[in-house]
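Student: Supplied in structure tokens, the structure appears directly below.
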Amino acid sequence: MGFLELGIRTWNTVWYIISLGLACSLIATQDSSHARVNICLWASLWGLLFSSVYGFLAEFMTSLAWPVILLTFELLNAIFTFSAATALAVGIRTHSCSNQSYLNSNAICEGSESRCRKSQALVTFLYFCFFGSLGLLFFIARKFMSGGPFGHKYNSNNAPKVGVPTMSQV
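With UniProt numbering, letter number 28 in the sequence shown gets 28, and the count goes up by one each step, no holes.
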């Protein structure tokens, strides 16, 4: 893993932790269950476990660093974070958090300016995670294309030579 890829993975880890905290805060203060907030919690937790923890483990344990697994996890991270951020953005409709009539009518904000600001911040951080996942997806796809799905490509030129040995081999 190069320094740029490691930097993006670290950057993504910070945003996943922040988005996980915001999603937990929204869930802890809600009056009723909101599926949009729950999917944000799921996307943050999934990304933290499989993009950050598994990604860093794969850096130090080469047996985990199969490009096909990393590519699958990062593709799922991109899909989950984009879906969660978009679902929450549609749910809050990004109005002004100081407009009390909007706050009272929005089911996710539940009349609270604090919940409105937290949900707007959560959308922002999830989109940061999404773009970080796209960057990681690019690097992992390059490894996948150059090294094959399991990190090494079979090349017929490197196949062992069989047959009668030459005089220099004896």
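Every residue, glycine too, gets a C-beta built ideally from N, C-alpha and C.
1. Out of curiosity, what's the CA-to-CA distance linking A65 and K143?
2. Assign S98 to one of two classes, buried (16 or more other C-beta atoms within 10 Å of its C-beta) or exposed (fewer than that).
3. Leaving aside the five residues before and after L48 along the sequence, list all residues of the same chain whose C-beta is less than 8 Å from its C-beta, in chain order.
4. Of the choices W42, L22, F56, whose alpha-carbon is the least far from that of T10?
5. Roughly how many angstroms separate the alpha carbons of A85 and I92, rounded to a whole number?
6. Taking only three categories from DSSP, how would you classify S156?
7. Should the stretch 110 to 125 be called in touch with the stretch 61 to 76, which here means at least 3 C-beta pairs below 8 Å?
8. Roughly how many whole angstroms lie between the Cα atoms of A28 and A35?
9. If you drop the 5 nearest sequence neighbours on each side, which residues of the same chain put their C-beta closer than 6 Å to that of A89?
10. Can you list, in chain order, the residues of its chain with a C-beta nearer than 7 Å to that of S52? Leave out the 5 residues immediately preceding and following it.
11. Return helix, strand or coil for W66, following the three-state DSSP convention.
Tutor: In terms of the structure at hand:
1. Here the C-alpha atom of A65 lies approximately 11 Å from the C-alpha atom of K143.
2. When all chains shown are included, S98 counts as exposed.
3. Around L48: T13, Y16, I17, L20.
4. Nearest neighbour of T10 by Cα position, chosen from W42, L22, F56, turns out to be F56.
5. Each residue's Cα considered, the two are about 11 Å apart.
6. Unreliable positioning characterises S156 in this predicted model, as indicated by a pLDDT of 49, which lies under 50. The coordinate reading is nonetheless provided below. Looking at S156 - three-state DSSP - the assignment turns out to be helix.
7. With the rule of 3 Cβ pairs closer than 8 Å, the stretch 110 to 125 does not count as touching the stretch 61 to 76.
8. Each residue's alpha carbon lies about 14 Å from the other.
9. So the list reads V123, once near-sequence residues are dropped.
10. The answer, listed in chain order, is R9, N12, T13, Y16.
11. Coil at W66, not helix or strand.
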